[in-house]
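Remarks on the structure that follows.
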Amino acid sequence: MGWEREMERARRLHRPSLKNWECDGLYESFPEFQQSIIERPPYEHFIISQESGIPTNIPVVLDCRSVSPEEFHRNYEAKCMPCVITGIPQQAEWGAVHEWKLENLMNDEDLRNRRFKCGEDDDERSIKVKLKHFLKYMSRNRDDSPLYIFDSGFDEDRLAKKILSSYTVPEYFNDDLFRLVSERRRPPYRWFLVGPERSGTTIHYDPLATNAWNTLLHGKKRWVLFPPHVPKHVVKGKGLIRKDEDDEAIHYFMTILPRIKRRAHAVGNHGDYRDFACFEFTQSAGETVFIPNGWWHAVLNMNDTVGITQNFCSPRNFDSVWLKTRKDRKMMAYKWLVQLEQHYPDLFQRAVAMNERDGFVMKYDPVEVKRREEEEARRRVIGKLQQEQEERKRRDERIWEEEEALRQKERQFVESERRRQLEEEEILRRERQIMEQEEKAKRSTHLSRGRRDVVGGTSERLLAEKSGSKRSRLDSPRVSP
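Position one of the sequence shown corresponds to residue 806 (the numbering used here), numbered consecutively onward.
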């Protein structure tokens, strides 16, 4: 598969709903934005109220040759002050200074054919492409917001582990307490970055309240920072983005961020914009940005860039990280606590004290596990008894229903017999009634016939007598008058 086909597949998987990656024409308009950034001061701040007490010198610019780790921890990290530290890769003689130049990466036989993550599909599965194909895409694409290699799995195989040998964790940040848990158990925390011009990461803060450092080896990045107290919906520009607008990093810097600042200026130091502040600056190659936990930030690659970034937990931000980790990474939190008890007893006691203060119970603590197992055993016993009770109840209900069905059948049979008897009695009653009527009719007929016989005999006698009398008169001698 050629680089064009592979990158087209990666784009399609990463944003399947976006049919035209050049629809906003930002390839043509971006140079003007670049020039406007060049003409602006390298470090800018926008603070809505000078009475808020927010310092204006953010980020603090430090030289690694003149600031010790102890001074950095005490004066900047402990106070959650964003910083830009210059000269770390050169001072530590990182191999990445030379090896991570774009032309050298293209010719690196170990890395050029290795696949790196440049996005995720809708199911959160990693989209990976060969580095050589991505570098060709980087130099030739005209996308509004190009794909961006942001790979955390470069320690998974022998070839990619070469990246680990090209840099060392700066001594300012090497007190990483998460190292106490295994690489497998801890969340992703370090990323190899290869970003084309116009790519970037939109506004966010780092997970589990961790601090972060980001060292740039090639190119320039534009940053914006918001203090932790600025509300999420404000930094994300809620209500300021039209439905037909995208919210990728380039859109955020070119369109959304200016709207947020205009809205803050219009509203003034009131409501959600009280003590509003943001800080913008450009990071150059060789500089390391330190982002304390809770600070909102977004990054835009002003040209093609290569860098490395890591998240970490130190004793200075331990309390915030512990509160997040015990809730979001329960198994890791317990494993971590066990190691802290052995290696950092003071931090272990702080974690235990916070748990007691908040009434927080560690899910995987052996005492808690035993308690849950006993509770689960009790629930199973109670559940079994309840199940048996329910079974007996259902069995009794079935028996009662069967007996009730038999009783119902008996009642129906008795009722049927009663109706049959009533019907038979009704039939007999009607038969008797018919017989009585017939008998009555017979008697009536007989009486009528008797009367006719009596009347007939009398009539006959009268007729006979009359007839006899007439004959007597006829038979008698006539007497002459």
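We treat Cβ as the ideally placed atom computed from N, Cα and C, and that holds for glycine. Just so we're clear, the structure is a prediction, and the values are computed from it rather than from any experiment.
For V1040, same chain residues with a beta-carbon under 6 Å away, outside a window of 5 residues either side, are I1008, F1031, W1101 in chain order. Rounded to the nearest angstrom, the gap between the Cα atoms of C828 and H1075 is 38 Å. If you check the CB distance, R1003 and S944 do not come in under 9 Å.
When only Cα atoms are considered, E1146 and R1121 end up about 17 Å apart.
Take the alpha-carbon of E1196 and the one of N1016: they are about 58 Å apart. Note on N1116: 16 or more other CB atoms within 10 angstroms of its CB, so buried under the neighbour-count rule. The C-alpha of K935 is placed about 36 Å away from the C-alpha of W1141. Judged by DSSP in its simplified three-state form, N946 adopts coil rather than helix or strand. For K1132, the uninterrupted alpha helix (DSSP H) run begins and ends at 1123 to 1133, by DSSP.
For E856, no beta strand (DSSP E) encloses it, and the DSSP letter there is neither H nor E. Unbroken beta strand (DSSP E) runs of no fewer than 3 residues, entirely contained in the region 1043 to 1081, are not found.
For R1176, same chain residues with a beta-carbon under 7 Å away, outside a window of 5 residues either side, do not exist. Only buried fits D956, as 16 or more other CB atoms lie within 10 angstroms of its CB. With a cutoff of 9 Å on beta-carbon distance, K1026 and M1136 are scored as not near each other. By the neighbour-count criterion, in which a residue is buried when 16 or more other Cβ atoms sit within 10 angstroms of its Cβ, N1019 is buried. Per DSSP, K1026 is one residue of the beta strand (DSSP E) stretching across 1025 to 1031. Around the CB of L1021, 16 or more other CB atoms lie within 10 Å, so the residue is classed as buried. One Cα belongs to L985, the other to Q1144, and the distance between them is close to 6 Å. F1123 counts as buried, since no fewer than 16 other beta carbons sit within 10 angstroms of its beta carbon.
In this structure V1111 is in contact with L907, their Cβ atoms being roughly 7 Å apart against a cut-off of 8 Å.
When only Cα atoms are considered, Y942 and N912 end up about 16 Å apart. Annotation for D1151: the continuous alpha helix (DSSP H) segment containing it runs 1150 to 1163. For K1245 and I1239, the gap between their C-alpha atoms comes out near 10 Å.
If you draw a 10 Å sphere on the C-beta of P860, you find fewer than 16 other C-beta atoms in it, and that means exposed.
An exposed status is given to L1233, since fewer than 16 other beta-carbon atoms sit within 10 Å of its beta-carbon. Look at H850 here: in three-state DSSP terms it is strand. Below 8 Å, too few C-beta pairs join the region 966 to 977 and the region 1064 to 1072 to call them touching: fewer than three.
Sixteen is the threshold: when 16 or more other Cβ atoms of the shown chains lie within 10 Å of the Cβ of I863, as they do, the residue is buried. Pairwise C-beta distances place the region 1183 to 1200 out of contact with the region 1158 to 1167, as fewer than three of them are shorter than 8 Å. The residues K933, V934, K935, L936, in chain order, have a CB closer than 8 Å to that of R920 in the same chain once the five nearest residues on each side in sequence are set aside. Cβ neighbours of P1033 within its own chain (closer than 7 Å, five residues either side excluded): G1099, W1100.
Its chain contains D868, C869, R870, G1091 as the residues whose beta carbon lies nearer than 7 Å to that of G892, once the 5 sequence neighbours on both sides are disregarded; these appear in chain order. With a threshold of 16 other beta carbon atoms within 10 Å, L998 meets it and is buried.
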